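Residues in the sequence shown are numbered consecutively from 44, following the working numbering.
In what follows, a single structure is set out as structure tokens and then discussed.
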Amino acid sequence: MNDQPGLRNLRFAIIGAGMSGIASAIKLIESGQTDFTVYEKADRVGGTWRENTYPGVTCDVPSHLYRYAFSPNPNWSHMFSPGDEIERYFESVANDYDVNPYIRFNDEVTSCVFKNAKWHIATRSGLSDEVDVVIAATGVLHHPNYPEIDGLRSFKPPMFHSAQWDHSVDLDDARVGVIGTGSTAVQIVSAIIDQVRSLSLFQRTAQWILPISNPDYSEEEKESFRKNPERMRETYEFFSKMFTEGFADAVVDADSPQMKAIEEACVRNLEDNVHDPELRERLRPDYRAACKRLIVSASFYDSIQKPNAHLVTEGIERIEESGVRTRDGQLHELDVLVLATGFKADAFMRPMKVSGRDGVELSDVWAKRPNAYLSISIPDFPNFFMLNGPNGPVGNFSLIEVAELQIDYVMQLVDTIRSRRCREISATKEAMDTLDAARIEAAKQTVWTTGCHSWYLDDRGVPANWTWTFERFREVMAKPDLGAYEFVG
Ligand code: NAP
């Protein structure tokens with residue numbers, strides 16, 4: 044299989060065949076390490092893009108940025124391509140790089156137990172596996188958050204979460220309610236407003252909206268990308284600079300000129316494009332732009348001003364059989380209710396059982412909140428590496444690039460085991476705690492702590508994010524600081 048002189052053969056389990064699981068598999072194959080299985084609970088690859096099929100689902104990161112570095116795609120249809128196209132991209136990459144034979148579909152890993160320097164994997168179907176290294180590519184936002192609203196289950200007509208869209212429900216001429224005003228709700232509203240009889244958007248918190256239009260790529264442009272990969276690379280460089288310097292670096296410095304520019308663009312969008320002063324004030328957030336995840340949409344304000352759109356800012360009292368009752372006593376009767384109420388952002392790979400060295404349980408270690416050194420390695424959980432784990436970079440930039448940097452970093456850690464330097468490697472608690480203290484200190488300068496409630500914040504109100512620049516993340520990922528790791532065996 045992967046016999047290379049002097050190197051130890053390792054067996055791997057990759058959990059999840061989404062964006063980061065596919066990339067991990069490809070990197071393993073390319074490094075000649077082909078003794079691995081990818082466990083995927085569903086019947087197809089694609090992760091978040093397989094699960095989110097709601098109308099209007101689009102990535103708000105430009106497609107030429109939101110792609111694997113090793114597989115640029117000249118055929119993107121739009122600057123921000125729709126979800127099903129992104130899903131097809133992942134499927135085609137998995138095909139092109141022969142990942143599928145390694146994937147065990149329709150089987151969910153239920154437990155990982157570390158014993159005698161091996162991870163013992165158990166799956167829902169009853170399969171067991173014994174591996175040296177686990178790569179948890181389980182994604183960030185995949186456990187739907189059902190709102191705790193009285194009477195939620197009493198609603199009789201169709202009701203579903205945005206990530207579990209029921210395509211059998213006909214929206215034509217229907218009275219549709221949408222709860223939530225995050226990126227998802229905003230995309231849904233713009234996509235369905237012209238189809239439905241009425242749309243009631245239940246807004247608990249107003250959102251700042253950055254208006255970026257979404258032009259399509261002409262056939263000529265796609266052809267020129269195909270013929271001239273250098274042009275595609277330049278397009279990538281352009282968006283990369285724009286999103287890292289103009290956005291990722293802005294949000295971690297609340298006083299930066301870039302942050303000011305974003306705020307001004309959002310205010311201008313609201314002032315210029317919402318015409319009724321009363322509606323404008325109801326849509327005006329009382330916190331700074333990008334404190335919550337910034338929403339990108341050039342169509343939302345137009346949509347919410349259409350005659351069949353109703354912005355409901357009165358709080359929800361309860362949900363009844365036929366609609367949503369607001370605190371002013373009004374019943375908003377509906378034929379369909381969409382819960383665009385986000386995800387449980389701190390779940391990560393839970394509820395999977397993970398037991399580390401000496402039986403230490405991840406559920407205990409993470410009882411208060413999840414943590415991992417550089418979002419990758421957890422003390423006492425040797426040879427277990429997370430991709431896009433807790434406190435990593437999140438925001439309006441490419442999580443694919445984050446995952447690729449992390450995978451290359453993990454491969455360097457794996458090399459310490461392959462080269463027989465050790466049998467077990469995990470971050471030390473001291474390294475994790477020291478980094479976390481610095482991360483929390485740096486958080487004070489970010490826009491996320493300027494006075495809003497968001498899924499970025501943990502139970503203490505501390506951003507559960509990478510709180511430095513993206514360049515710093517790249518630097519840290521380039522080469523592991525082995526002084527932060529404990530080697531055993
Ligand atoms: P979200 O940003 O967490 O928004 C959830 C919405 O539901 C918020 O408006 C929230 O109000 C509301 N809500 C939650 N519980 C409620 C309750 N009990 N009563 C009333 N309202 C309630 O979720 P999301 O829109 O699904 O987006 C999640 C993340 O997914 C985004 O931030 C982004 O990272 C990602 N996403 C990305 C794209 C993309 O284009 N790349 C598209 C969609 C989603 P409050 O604000 O008051 O809490």
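Ideal Cβ positions, reconstructed from N, Cα and C, are used throughout, including at glycine.
It should be emphasised that the depicted structure is a prediction, and the values quoted were computed from it without experimental measurement.
>> Rounded to whole angstroms, what is the Cα-Cα separation between Glu130 and Gly532?
In response: Residue 130 sits at position 87 when you count from the first residue of the sequence shown. Residue 532 sits at position 489 when you count from the first residue of the sequence shown. Using only the alpha carbons, I get a separation of about 42 Å.
> So which of Cys334, Glu363, Asp319, Glu360 has the shortest CA-CA distance to Tyr344?
Replying inline: Within the sequence shown, the letter at position 301 stands for residue 344. If we check each option's Cα against that of Tyr344, Asp319 comes out closest.
> Cβ atoms of Arg247 and Gly220: under 9 Å apart, would you say?
Replying inline: The residue labelled residue 220 in the question sits at position 177 within the sequence shown. The residue labelled residue 247 in the question sits at position 204 within the sequence shown. The answer is no: Cβ separation not under 9 Å.
>> Let me see if you follow: with CB-CB separation under 9 Å, is Asn116 close to chain C or not?
In response: As a matter of chain content, chain C is missing from the structure shown, which is built from one protein chain.
>> If we require 3 or more residues per run, which beta strand (DSSP E) segments fall completely within the stretch 372-439?
In response: 374-376, 379-382, 396-398, 427-429
> In chain order, what residues of the same chain lie with their CB nearer than 7 Å to the CB of Gly49, ignoring the 5 residues before and after it?
Replying inline: For the purposes of this step, residue 49 is taken as residue 6 along the sequence shown, with counting starting at 1. Contacts found: none.
> In whole angstroms, what is the alpha-carbon distance linking Ala60 and Ile252?
Replying inline: To locate residue 60, count along the sequence shown from 1; it is residue 17. To locate residue 252, count along the sequence shown from 1; it is residue 209. So the alpha carbons of these two residues sit roughly 32 Å apart.
> Assuming Thr227 and Ser205 make a contact with CB atoms under 8 Å, what is their CB distance in whole Å?
Replying inline: For this step, residue 227 is matched to residue 184 along the sequence shown. For this step, residue 205 is matched to residue 162 along the sequence shown. 5 Å between Cβ atoms; contact.
> To which residues does DSSP link Lys161 through a beta bridge?
Replying inline: Locating residue 161 in the sequence shown gives position 118, counting from the first residue. DSSP output for Lys161 lists Lys158 as bridge partner(s).
>> Using a Cβ-Cβ cutoff of less than 6 Å, which residues in the same chain neighbour Ser106 once the five nearest sequence positions on both sides are dropped?
In response: Sequence index remark: in the sequence shown, residue 106 carries index 63 (1-based). Contacts found: Trp119, Ser124.
> Near Gln348, what residues of its chain come up, given a Cβ to Cβ distance below 8 Å and the 5 sequence neighbours on each side ignored?
Replying inline: The residue given as residue 348 occupies position 305 in the sequence shown. The beta carbon of Gln348 is closer than 8 Å to those of Val317, His318, Asp319, Leu322 in its chain, skipping five residues each way along the sequence.
> Can you tell me whether DSSP reads Phe55 as helix, strand or coil?
Replying inline: Working through the sequence shown from its first residue, we reach residue 55 at position 12. Looking at Phe55 - three-state DSSP - the assignment turns out to be strand.
> Taking 8 Å as the cut-off, does the CB of Thr101 come closer than this to any heavy atom belonging to the ligand NAP?
Replying inline: Locating residue 101 in the sequence shown gives position 58, counting from the first residue. Thr101 Cβ: within cutoff of the ligand NAP.
> Would DSSP call Arg515 helix, strand or coil?
Replying inline: Position 472 of the sequence shown, counted from the start, is the residue given in the question as residue 515. Note: Arg515 maps to helix in three-state DSSP.
> Under 8 Å from any heavy atom of the ligand NAP, does the C-beta of Gly89 make it?
Replying inline: Stepping through the sequence shown from its first residue, residue 89 is reached at position 46. Not so, every heavy atom of the ligand NAP lies at least 8 Å from the Cβ.
>> Closest to Trp511 by C-alpha separation, out of Asp524, Ser497, Ala56, Gln488, would be which residue?
In response: By 1-based counting over the sequence shown, the position of residue 511 is 468. When C-alpha distances from Trp511 are compared across Asp524, Ser497, Ala56, Gln488, the shortest belongs to Gln488.
>> When you measure from the CB of Ser226 to every non-hydrogen atom of the ligand NAP, does any distance come out below 8 Å?
In response: Residue 226 sits at position 183 when you count from the first residue of the sequence shown. Flag set: Cβ of Ser226 near the ligand NAP.
> In terms of residue numbering, what span does the beta strand (DSSP E) encompassing Tyr499 cover?
Replying inline: On the sequence shown, residue 499 is found 456 positions in, with the first residue counted as 1. Taken as a continuous stretch (DSSP letters only), Tyr499 belongs to no beta strand (DSSP E), as it is neither H nor E.
> By how many angstroms is the C-alpha of Ser299 removed from the C-alpha of Glu306?
Replying inline: Position 263 of the sequence shown, counted from the first residue, corresponds to residue 306. Position 256 of the sequence shown, counted from the first residue, corresponds to residue 299. If you draw a straight line from the Cα of Glu306 to the Cα of Ser299, it comes to about 11 Å.
> Between Asn508, Ser154, Ala485, which lies nearest to Ser171 when the distance is taken from Cα to Cα?
Replying inline: Here residue 171 refers to the residue found at position 128 of the sequence shown. With distances taken between Cα atoms, Ser171 lies closest to Ser154.
> If you measure from the CB of Arg247, is any heavy atom of the ligand NAP nearer than 8 Å?
Replying inline: Residue 247 sits at position 204 when you count from the first residue of the sequence shown. Yes.
>> Taking the alpha-carbon of Leu478 as reference, which of Trp491, Ala507, Val490, Arg464 has the nearest alpha-carbon?
In response: On the sequence shown, position 435 is the one that residue 478 refers to. Residue Ala507 is the option with its Cα nearest to Leu478.
>> With H, G and I counted as helix, E and B as strand and the rest as coil, what does DSSP make of Leu214?
In response: To locate residue 214, count along the sequence shown from 1; it is residue 171. Note: Leu214 maps to coil in three-state DSSP.
> For the stretch 468-478 against the stretch 184-196, are there 3 or more C-beta pairs whose distance is under 8 Å?
Replying inline: no
> So Ile58 packs on Tyr97, CB below 8 Å; how close in whole Å?
Replying inline: On the sequence shown, position 15 is the one that residue 58 refers to. On the sequence shown, position 54 is the one that residue 97 refers to. That pair is no contact at about 25 Å.
> Apart from the five residues just before and just after Asp371, which ones in its own chain have a Cβ nearer than 7 Å to its Cβ?
Replying inline: Residue 371 sits at position 328 when you count from the first residue of the sequence shown. Closer than 7 Å at Cβ, skipping near neighbours: Glu357.
> Whose CA, out of Val339, Ala291, Met392, Phe157, lies closest to the CA of Phe440?
Replying inline: Here the question's residue 440 lines up with position 397 in the sequence shown. Among Val339, Ala291, Met392, Phe157, the Cα nearest to that of Phe440 belongs to Ala291.
> Going by other Cβ atoms of all chains shown within 10 Å of its Cβ, with 16 needed for buried, is Gln373 buried or exposed?
Replying inline: For this step, residue 373 is matched to residue 330 along the sequence shown. Its Cβ having fewer than 16 others within 10 Å, Gln373 is exposed.
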